[in-house]
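For what it's worth, our numbering labels the leading residue of the sequence shown as 6, then goes sequentially.
Where a beta carbon is used, it is the ideal one built from N, C-alpha and C, also for glycine.
To start, the structure itself, in structure tokens.
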Amino acid sequence: MYSPVKLTALALIFAQLLGAIHCGVYDNTDNWVISDKTKNFPENAVLGGFDPEGYRSFVGRVLYLTSVVPARIRAETAYVTFNTESVANTATFYEVLVSNATLSYQWVHSFDGFMEDNAVCVGTSSSDERVYICRAKTDGGLFIGTLYLAQRTCIIGYENLPLRKFEKYEVLVRKHKSVKWIPFDNQIN
Ligand SMILES: *[C@@H]1O[C@H](CO)[C@@H](O)[C@H](O)[C@H]1NC(C)=O
């Protein structure tokens, strides 16, 4: 027979295993298109900034080890970069965020890990935290970065530049547009 202490310990271990399964899970609230350099770039991709070479950066996401994090996509060459809280890297498989007739996106000023309404979540980190999309100006670019609310900073790592952390930044939020049906009679006026 197991003692109550052993049972509690087993229950705790089991709970931790369950928790671990949730890491690196994609959030499916928004529309993400699976892509790589062989595919046409989606037309309604969401613009996020520009890199120091002057190319536009579109909003993407990648799965890196057990974390889902935002990515910067250079549409012209499918050059994709991203960073976690400790690593900056490039990716060849990624997803592109797209808008549609009723769902669009905008950047709002934010700070200190404040939870903005309708912030776009890419998925969960290795510590099972929800990960959001931020951006800030630095090093000659406007960079899409990684926002862990608990760290209260927008973290940006690009190529060999040192990891930068910003307490003031912008956050990507979704905006629902209602498509109003206009009766034909009213349009004649
Ligand atoms: C836009 O995407 C959202 C989320 O997937 C979906 O619920 C909505 O129906 C889409 N709108 C149109 C016009 O396709």
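Endpoints, the beta strand (DSSP E) within which residue i is located
i, result
"Tyr69", "Arg61 to Tyr69"
"Ala96", "Ala93 to Ala96"
"Glu90", "First-last for Glu90: undefined, no H or E at that position."
"Gly153", "Just to set this straight, residue 153 is Tyr in the shown sequence, not Gly. Gly146 to Tyr153 is the span of the beta strand (DSSP E), which, as asked, contains Tyr153."
"Thr158", "Thr158 to Ile161"
"Lys142", "Arg135 to Thr143"
"Gly53", "Leu52 to Phe55"
"Pro47", "Premise fails: Pro47 is in no beta strand (DSSP E) and is neither H nor E."
"Gly118", "Counting along the chain, Gly118 falls outside any beta strand (DSSP E), and DSSP gives it neither H nor E."
"Leu102", "Tyr99 to Val103"
"Pro75", "Ser72 to Arg79"
"Val127", "Cys126 to Thr129"
Any non-hydrogen atom of ligand 1 closer than 7 Å to residue i Cβ
i, result
"Ala124", "no"
"Asn49", "no"
"Leu177", "no"
"Leu108", "yes"
"Asn45", "no"
"Asn94", "no"
"Asn36", "yes"
"Asn105", "yes"
Neighbourhood of residue i by C-beta distance below 8 Å, restricted to the same chain and skipping five residues each side
i, result
"Tyr110", "Val51, Val64, Leu102, Ser104, Val125, Leu177, Val178, Arg179 and Lys180"
"Asp41", "Ala83, Thr97, Phe98 and Tyr99"
Own chain partners of residue i with C-beta closer than 7 Å, once the 5 adjacent residues on each side are dropped
i, result
"Glu121", "Val113, Ser115, Val176 and Val178"
"Ala200", "No answer is possible for residue 200: the residues shown for the chain start at 6 and end at 194."
"Thr89", "Tyr69, Ser72, Val74 and Thr151"
"Val127", "Asp32, Arg66, Val73, Val74, Pro75, Val136 and Ile138"
"Thr143", "Ile161 and Arg169"
"Leu166", "Asp144"
Cβ separation of residue i and residue j, assumed to be a contact under 8 Å, to the nearest whole Å
i, j, result
"Tyr31", "Val73", "6 Å"
Cβ neighbours of residue i in the same chain (closer than 6 Å, five flanking residues each side left out)
i, result
"Cys159", "Cys139, Ala141, Gly150, Leu152, Phe171 and Tyr174"
* To do: Answer yes if the stretch 139-155 comes into contact with the stretch 92-99, meaning at least three C-beta pairs across the two stretches below 8 Å, and no otherwise.
  => no
* At a cut of 8 Å, does the stretch 82-95 reach the stretch 116-125 through at least three beta carbon pairs? -> no
* Is the stretch 143-150 close to the stretch 44-62, with three or more CB pairs under 8 Å? -> yes
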